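First the structure, in the form of structure tokens, and then the observations on it.
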Amino acid sequence: MSPDPVTIPDKEEFKINEVCEITGVKPFVLRYWEQEFPELAPAKQPGGQRVYRREDVELVLRIKQLLYEEQFTVAGAKKRLAEERQAATAPPAKLDKTTSDQVQKLRQALANVKRELAEIVEELSS
Numbered sequence: 194m195s196p197d198p199v200t201i202p203d204k205e206e207f208k209i210n211e212v213c214e215i216t217g218v219k220p221f222v223l224r225y226w227e228q229e230f231p232e233l234a235p236a237k238q239p240g241g242q243r244v245y246r247r248e249d250v251e252l253v254l255r256i257k258q259l260l261y262e263e264q265f266t267v268a269g270a271k272k273r274l275a276e277e278r279q280a281a282t283a284p285p286a287k288l289d290k291t292t293s294d295q296v297q298k299l300r301q302a303l304a305n306v307k308r309e310l311a312e313i314v315e316e317l318s319s
């Protein structure tokens, strides 16, 4: 059973105690994750206070999900995050001739179904 979705307040910057409250992760765990996951790099104010961006909070939630719910190791979570980043930035795969033909056939079949449904609706409404 998956936990209830977390609602992140509608703001762009969060202090460490706010992130802890939102994510349910202790401050020492966040600091450890900052060392292990380079993409989790909150800015620091002149006094040394960490300031997390909304994207950082989302990343903390994803790391928590990978480690606690999906039971990844830290190394496994790093690898999964890298794969997700790569997939998000990868150009779409080109379709080969066979796949392209299949897509065209499916589009034609859907167009036929749409046309038939429109005819049925017209008959029912008259």
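Residue numbering for the sequence shown follows the numbering used here, beginning at 194 and increasing consecutively.
Note that the Cβ used here is the ideal one computed from N, Cα and C, for glycine as well.
As the structure is a prediction and not an experimental result, all values here were calculated from the model.
Through-space distance from Lys287 to Glu206, alpha-carbon basis: Using only the alpha carbons, I get a separation of about 39 Å.
Pick out whichever of Lys272, Ala311 and Val253 has its Cα sitting closest to the Cα of Val212. Closest by alpha carbon: Val253.
Please specify which runs of the beta strand (DSSP E), each continuous and at least 3 residues long, are wholly inside the segment 222-267, giving them in chain order. Annotation: the segment 222-267 contains the following complete segments of the beta strand (DSSP E) (minimum length 3 residues), in chain order: 243-246.
Considering just the uninterrupted stretch of the alpha helix (DSSP H) at Lys208, what are its terminal residues? Segment Glu206 to Lys208 is the beta strand (DSSP E) holding Lys208; no alpha helix (DSSP H) there.
Inter-stretch contact (C-beta, 8 Å, three-pair minimum) for the segment 235-253 and the segment 263-271: Using a Cβ-Cβ distance cut-off of 8 Å, the segment 235-253 and the segment 263-271 are not in contact, since fewer than three pairs of beta carbons, one from each stretch, lie closer than that value.
Could you compute how far the alpha carbon of Pro220 sits from the alpha carbon of Lys257? Distance between the alpha carbons of Pro220 and Lys257: 13 Å.
Below 6 Å CB to CB, which residues in the same chain sit around Glu227 once its five sequence neighbours on both sides are set aside? So the qualifying residues of the chain are Leu233.
Taking all protein chains shown into account, decide if Thr200 is buried (16 or more other Cβ within 10 angstroms of its Cβ) or exposed. Classification for Thr200: exposed.
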